[in-house]
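Just add 81 to wherever you are in the sequence shown, counting from 1, and you've got this note's numbering. All C-beta atoms in this analysis are idealised placements derived from N, C-alpha and C, irrespective of residue type, glycine included.
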Amino acid sequence: MPAVRVVVQARDQLGETPLWCPRSEKIWWIDIERPRLQSFDEHTGQHEVHRFDSTFLGSLALHRRGGFVVALDNSLHRFDPANASLEHIVDVEPAGKGTRLNDGRCDRRGRLWIGTMDAAIQQPLGSFYRVSPSGSVQWLFDDIIVTNSVATSPDDRTLYMSDTRRFKIWAFDLDPDEGVLTNRRVFADYSNDKGRPDGAVVDSDGCLWNAVFAGHRVIRYTPAGKVDRVIELPVTHPTCVCFGGPELRTLYITTATKMITPAVLANEPLAGALLAVEVGVQGLPEPMFGS
């Protein structure tokens, strides 16, 4: 079993969406409910925090023009950490629906695939969207409680996403030219043990790594949906994963302190930390939003 390393003891409430940025050579991630964007430089040990005036910071992506796409409540913005500037991109959903943006990821055509969720985590109020590099939004489908596990295969011909509270990850055929999803099917089913599929990433072998919220583990699936590897973790709530480092061989894992009783939390010192594991597998460069 590979050793789990503590990168930053951030004590995040709901750490999420780690991304390796090749421009800054830093690992970046968010704390959704505080809300804040964080970075850590493994060479210097510098941990930086950028705070936002919103209720939620639900998702994060790299932007081709520099900086990041940040999902603040139900809107997307380009954020430049150098001067803390925010540039509005688009409102994905109107305010007042009881929803917020959650997990999303770009494909290699510069499109952002992202979903909304019920902010109260109970009702199927969420929808799934495709946001073009120009910022136009295309609604795809609804009936989602919590969108998660968004990732694409190395050839952009398969898209994965989950509804965490329905305990399933689905796979879709993706037309990389037209951006059309078809052939929705169950890829991984956690229904028997009520595992909660959270954030995911695809490696250079085309395998999907999935963080299991409330499951103490990260699971690697082959493209056929077979469990290939399980990494047990010293935390209840791993939330998302990415590959980083100069050679993209380090698996970074965000975690949360949310929804843990005080008694359990007192005995879980790494809850909310950014963790890392050397898994002997190479990741893929993170796709960027924009043209």
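Problem set entry | Residue from T317, P315 and D286 whose Cα sits closest to the Cα of Y302 | D286
Problem set entry | Check whether R190 and D254 have beta carbons under 8 Å apart | no
Exercise. T125 to V362, Cα distance in whole Å?
Worked result: 25 Å
Problem set entry | Three-way DSSP call (helix, strand, coil) for L346 in this model | helix
For this session: Measure the C-alpha to C-alpha separation of I312 and D256 and round it to an integer number of angstroms.
Result: 32 Å
For this session: To the nearest angstrom, report how far apart N348 and D93 are at their CA atoms.
Result: Per the coordinates, the alpha-carbon of N348 lies some 16 Å from the alpha-carbon of D93.
For this session: Would you check if the distance between the CB atom of M198 and the CB atom of I225 is smaller than 8 Å?
Result: yes
Exercise. By how many angstroms is the C-alpha of D172 removed from the C-alpha of L329?
Worked result: 33 Å
Exercise. What do you reckon, are the CB atoms on G185 and S140 nearer than 8 Å?
Worked result: yes
For this session: To the nearest angstrom, report how far apart R246 and L193 are at their CA atoms.
Result: 23 Å
Exercise. Could you give the uninterrupted runs of the beta strand (DSSP E) lying entirely in the stretch 129 to 180, keeping only those of 3 residues or more?
Worked result: 138 to 144, 149 to 153, 156 to 161 and 166 to 172
Exercise. Do P366 and P103 have their C-beta atoms closer together than 8 Å?
Worked result: Contact: yes.
Problem set entry | Under 8 Å between C-beta atoms of A142 and F324 | no
Exercise. For the candidate residues P315, R265 and D244, whose alpha-carbon lies nearest to that of A281?
Worked result: D244
For this session: Could you say which of P235, Y271 and D284 lies nearest to F294 if we only look at CA atoms?
Result: If we check each option's Cα against that of F294, Y271 comes out closest.
For this session: Can you give me the Cβ contacts of D161 inside the same chain, cut-off strictly under 6 Å, excluding the 5 residues immediately before and after it?
Result: Closer than 6 Å at Cβ, skipping near neighbours: G148.
For this session: Check T335 in the structure and name its three-state DSSP category.
Result: Residue state, collapsed to three classes: strand.
For this session: Going by DSSP, name the residue or residues bridged to C187.
Result: L193
For this session: Please classify T303: does DSSP put it in a helix, a strand, or coil?
Result: coil
For this session: Could you tell me the distance, in whole angstroms, from the CA atom of P175 to the CA atom of D309?
Result: Cα to Cα, P175 sits roughly 41 Å from D309.
Exercise. Under three-state DSSP, which class holds T317?
Worked result: coil
Exercise. Beta-carbon separation of P315 and V85 under 8 Å?
Worked result: yes
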